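Q:
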Amino acid sequence: ETGVTQTPRHLVMGMTNKKSLKCEQHLGHNAMYWYKQSAKKPLELMFVYSLEERVENNSVPSRFSPECPNSSHLFLHLHTLQPEDSALYLCASSQDRLGQFFGPGTRLTVL
Amino acid sequence: QKEVEQNSGPLSVPEGAIASLNCTYSDRGSQSFFWYRQYSGKSPELIMSIYSNGDKEDGRFTAQLNKASQYVSLLIRDSQPSDSATYLCAVKPGDTDKLIFGTGTRLQVFP
């Protein structure tokens, strides 16, 4: 384990459900990230928070809503998702120009 | 569109051989370069970072950077079956917090 935790590890939801993914980093980093990883595609950056301020939103649909209440916690709120949103959702954190450290991910299945 | 290119593989090498993984990138302003290892069903794990031209060694791993050619590589000496994984190249363009990932190269080390 890398010091970045994510819950839940697996999530199955219907298209009308609302759920949230949680990420917590114990590394004292000042930036946190949400990524989506689908089969045979590069890691897709979704959101970047630096010092608790959102600095990047890569044209992500509004059915994904991030929240960063402090430098250690990051949430991804999900509502009215589509089956194509099924993927591995990864949280990462970093400090300055150093590499990013990833959590174990949440495997999301949308029915 | 800033891009990072990797051969998807699989790259098959016998146990004890040197595995050579390559990556090219398009943004000349990139300053930081990373290699991640990702086992099937797991999240990416940072194994090497390199910031200046030349070689950087860490145990059996050597990262090589050539900014003029926009090329970064990872050598794995004395390859072991446990090295079998997908290796992701990641590049940090300019002075930003984001990383651009390649699609990864799958490495298979056979006994």
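Here the protein sequences line up with chains R and C, keeping their order. Following this note's numbering, the numbering of the first sequence begins with 4 at its first residue and continues without gaps. Following this note's numbering, the numbering of the second sequence begins with 1205 at its first residue and continues without gaps. Yeah, the Cβ is synthetic: ideal placement off N, Cα and C, and Gly gets one too. These numbers were taken from a predicted model, which means no experiment stands behind them.
(1) So with CB distances below 8 Å, who are the chain R contacts of threonine 1307 of chain C?
(2) Does the segment 82-94 of chain R come into contact with the segment 37-54 of chain R, if we say contact requires no fewer than three beta-carbon pairs (one atom in each stretch) closer than 8 Å?
(3) So, is the C-beta of phenylalanine 105 of chain R closer than 7 Å to a C-beta in chain C?
(4) In whole angstroms, what separates the C-alpha of phenylalanine 1314 of chain C from that of serine 1288 of chain C?
(5) Give me the subset of the segment 27-42 of chain R whose CB atoms are less than 7 Å from a CB atom of chain C, sorted by chain position.
(6) Buried or exposed, going by whether 16 or more other CB atoms sit within 10 Å of the CB of arginine 1281 of chain C?
(7) Taking serine 73 of chain R and leucine 54 of chain R to be in contact with their CB atoms under 8 Å, please state how far apart those CB atoms are, rounded to whole angstroms.
(8) Between C:Lys1271, C:Ile1254, C:Pro1285, which lies nearest to leucine 1278 of chain C when the distance is taken from Cα to Cα?
(9) Please go through the same chain and pick out, in chain order, the residues whose beta-carbon is closer than 6 Å to the beta-carbon of valine 1295 of chain C, but skip the five residues on each side of it.
(10) According to DSSP, which residues form a beta bridge with histidine 80 of chain R?
(11) Looking only at its chain, what residues have a beta carbon closer than 6 Å to the beta carbon of serine 41 of chain R, apart from the 5 residues adjacent to it on each side?
(12) Please look up how many angstroms separate the CB atoms of methionine 16 of chain R and lysine 22 of chain R, rounded, as I've assumed it's under 8 Å.
(13) Once the 5 residues before and after serine 75 of chain R are set aside, which same chain residues still bring their CB inside 8 Å of it?
(14) Which whole-angstrom value is the C-beta distance of alanine 1223 of chain C and leucine 1292 of chain C, which I expect to be below 8 Å?
(15) With 16 other CB atoms within 10 Å as the buried threshold, where does glutamine 1284 of chain C fall?
(16) Buried or exposed: aspartate 99 of chain R, going by 16 or more other Cβ atoms within 10 Å of its Cβ?
A: Result, derived from the coordinates:
(1) Lys43, Lys44, Pro45
(2) yes
(3) Any Cβ of chain C closer than 7 Å to the Cβ of phenylalanine 105 of chain R would place that residue at the interface, and such an atom is present.
(4) 9 Å
(5) Ala34
(6) exposed
(7) Here residue 73 of chain R is asparagine; the residue named in the question, serine, does not match the sequence. No, asparagine 73 of chain R and leucine 54 of chain R are not in contact; Cβ-Cβ is about 10 Å, not under 8 Å.
(8) C:Ile1254
(9) Val1208, Tyr1229, Ser1234, Phe1237, Ile1304
(10) R:Ser23, R:Ser68
(11) Ala90
(12) 5 Å
(13) Glu27, Gln28, His29.
(14) Going by Cβ atoms, the distance from alanine 1223 of chain C to leucine 1292 of chain C rounds to 15 Å, so no, they are not a contact pair.
(15) exposed
(16) exposed
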